Amino acid sequence: GYVFPWGQMSFWGATVIINLLSVIPLIGDTLTNALWGGYSVGVPTVVRFFSFHYLVSLACLPVILVHMGLLHRGGSSNPAGAAVVSPSTFHPHASIMDLAFFGGILFIVSYLATAGAHLIACSDNKIPANPMETPVSIEPEGYFSVRK
């Protein structure tokens, strides 16, 4: 997702990370060119990264749904071995709780992706991508910084 804003930091981040693959013996250059969609980072790279993110999350959805269905149909294991005194049904209570949790997470992610994006974005990423100019101050993102 770091490449999607397509600013200076996104461009150079994608360039550095994809170039790390070029050192893999025999397939490195081919793999790098396939991810780039040409001979350098460009619009095809963004399209490929977006497609990858979309398809991976779409592929995870059936796995999650099957997992939830099997878990709630058979019940989870009890490591203590204690007998369940009063079993409750899944559907009314747990379904509502799952939907409420999902709605809350969806709200938070939607806020951060739209209105709150400026709170977590790098200021150098607001400069349009330019392959002829590197950013003045390159530093790791906040989530990579070690705070003491």
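Numbered by our numbering, the letters in the sequence shown go through residues 1 to 148 in order.
Ideal Cβ positions, reconstructed from N, Cα and C, are used throughout, including at glycine.
Quantities reported herein were computed from a predicted structural model and do not represent experimental measurements.
query: Straight-line Cα distance separating S22 from A34; result: 11 Å
query: S137 classed as buried or exposed, judged by whether at least 16 other C-beta atoms fall within 10 angstroms; result: exposed
query: Cβ neighbours of P92 in the same chain (closer than 6 Å, five flanking residues each side left out); result: none
query: Reference V228; option with closest CA among L106, V63, G7; result: The structure shown has nothing for residue 228, since the chain only spans 1 to 148.
query: Where P128 sits in the DSSP three-state scheme; result: strand
query: Beta-carbon separation (whole angstroms), M9 vs P140, contact threshold 8 Å; result: About 11 Å separates the two Cβ atoms, so there is no contact after all.
query: Supposed contact pair F49 and V109 - C-beta distance, whole angstroms, cut 8 Å; result: The Cβ separation is near 18 Å, so there is no contact.
query: C-beta atoms of H72 and A94 nearer than 8 Å; result: yes
query: Reduced DSSP secondary structure (H/G/I, E/B, other) of G38; result: coil
query: Extent of the continuous alpha helix (DSSP H) run through A115; result: No alpha helix (DSSP H) contains A115, which DSSP labels as neither H nor E.
query: Anticipated Cβ contact below 8 Å, P5 with A121, distance rounded; result: 7 Å
query: Sub-8 Å separation of V41 and I18 beta-carbons; result: yes
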